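J.: Structure provided below as structure tokens; questions to follow.
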Amino acid sequence: MNQTTNAVAPAFTNSLVQTPQASGFLELAATETGRRAFLGDPEKFDSDVGPDILNAQIALRDGVETIARLLKDETRNEVQRHEVAGVVAARTVEALEKSKAAIERRAELLYSDGVAQAEREFSPRASHAALESEIRTYIRELANKADGPSKIRAAMLESKDVAAVIYHSPGFLVGINPETHSKLRFEATERWVPDAYKRMTGSIALSELAPKFAKAANSVRNSFYNPTLAAKASTRVQF
């Protein structure tokens, strides 16, 4: 009796890893829109990291395209495909991690530069010592009133001298709680030192972007190949 063995068709035709998560990731990563969702839009972030974001997107695109070609490679069996896909995944992850490191370095630099610029602008001035002392007393008295915080904020936005006192004075000297003091310092920078504010907000945006690269790298590891199958290649007999 002749028996015919029929290969089981894969449930997800775009992925070596047969899970909906892997298939979905590869489907999105194959598009520019998807790559921007995973790794950010280079045009919306600090120009110094634009090339790093773009390089990561190119690496992800190339990796996904290689996986797609592997699926059609009839010269390799399943284990060999996963073995090669593991190499592709490692190469792609390396590129993503390199870009992530560059983004984190830029975020740190932007923030430190912004803070330094604001501190220079708001530093205490010996010639204004008496005025700043009076302003500090005024703020401390207002801070205890119901409408005090709103009046302090209005005065800060109106007078750079008030903004400077709020910025460089410890919160306990002006009677402002730490959370409100931090917020006022940030708003003072936005109002009076916009370039420093731009650097600081740019830094925050990059700090929020960096974890997306780590998440994308993890998705690459889980979606490009199956480590268990790839490891079987080590049992190959060489002769």
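Going by my numbering, the sequence shown opens with residue 19, and the numbers climb by one from there. Just so you know, even glycine gets a beta-carbon here, dropped at the ideal spot from N, CA and C. Note that this is a predicted model, so its numbers are computed, not measured.
1. Candidates Thr198, Lys216, Thr246 and Pro229: which alpha carbon is nearest Leu128's?
2. For Thr108 and Arg239, I'd like the C-alpha separation in whole angstroms.
3. Which residues in the same chain as Ala136 place their Cβ atom closer than 6 Å to its Cβ, once the five residues preceding and following it in sequence are excluded?
4. Tell me which residue opens and which closes the alpha helix (DSSP H) that Leu72 is part of.
5. Check Phe231 in the structure and name its three-state DSSP category.
6. How many Å lie between Gly166 and Leu227 at the Cα?
7. Looking only at C-alpha atoms, which of Ser225, Glu139 and Ser168 sits nearest to Thr183?
8. So for Arg124, helix, strand or coil by DSSP?
9. Any chance the region 240 to 249 sits against the region 60 to 74, with 3 or more Cβ pairs inside 8 Å?
10. Please state the DSSP three-state secondary structure of Asn20.
11. In the DSSP assignment, the alpha helix (DSSP H) including Gln39 goes from what residue to what residue?
12. Cα-Cα, which of Gln98, Arg154 and Lys169 is closest to Arg254?
13. Beta-carbon separation of Val102 and Leu88 under 9 Å?
14. Determine, using beta carbons only, whether His186 and Pro142 come nearer to each other than 9 Å.
15. Measure from the alpha carbon of Ala77 to the alpha carbon of each residue in Ala251, Ala40, Tyr243 and Ala234, then state which is nearest.
16. Assign Asn24 to one of two classes, buried (16 or more other C-beta atoms within 10 Å of its C-beta) or exposed (fewer than that).
17. Could you compute how far the alpha carbon of Thr49 sits from the alpha carbon of Gln75?
T.: On the basis of the coordinates in this document:
1. Lys216
2. In the sequence as displayed, the identity of residue 108 is Ala instead of Thr. Rounded to whole angstroms, Ala108 to Arg239 spans 8 Å at the Cα level.
3. Thr207, Val211 and Ala214
4. Gly68 to Leu89
5. helix
6. 37 Å
7. Reading off the sequence shown, one finds Val at residue 183, where the question assumed Thr. Comparing Cα-Cα distances from Val183 to each of Ser225, Glu139 and Ser168, the minimum goes to Glu139.
8. helix
9. no
10. Confidence in Asn20 is poor, its pLDDT being 44 and thus under 50, which makes the residue's placement unreliable; the coordinate value appears in the next sentence. Asn20 falls in the coil class under three-state DSSP.
11. Pro38 to Ala47
12. When each option's Cα is compared against that of Arg254, the closest is Gln98.
13. yes
14. yes
15. Ranking Ala251, Ala40, Tyr243 and Ala234 by Cα distance to Ala77 puts Ala234 first.
16. Confidence in Asn24 is poor, its pLDDT being 48 and thus under 50, which makes the residue's placement too unreliable to answer from.
17. So the alpha carbons of these two residues sit roughly 10 Å apart.
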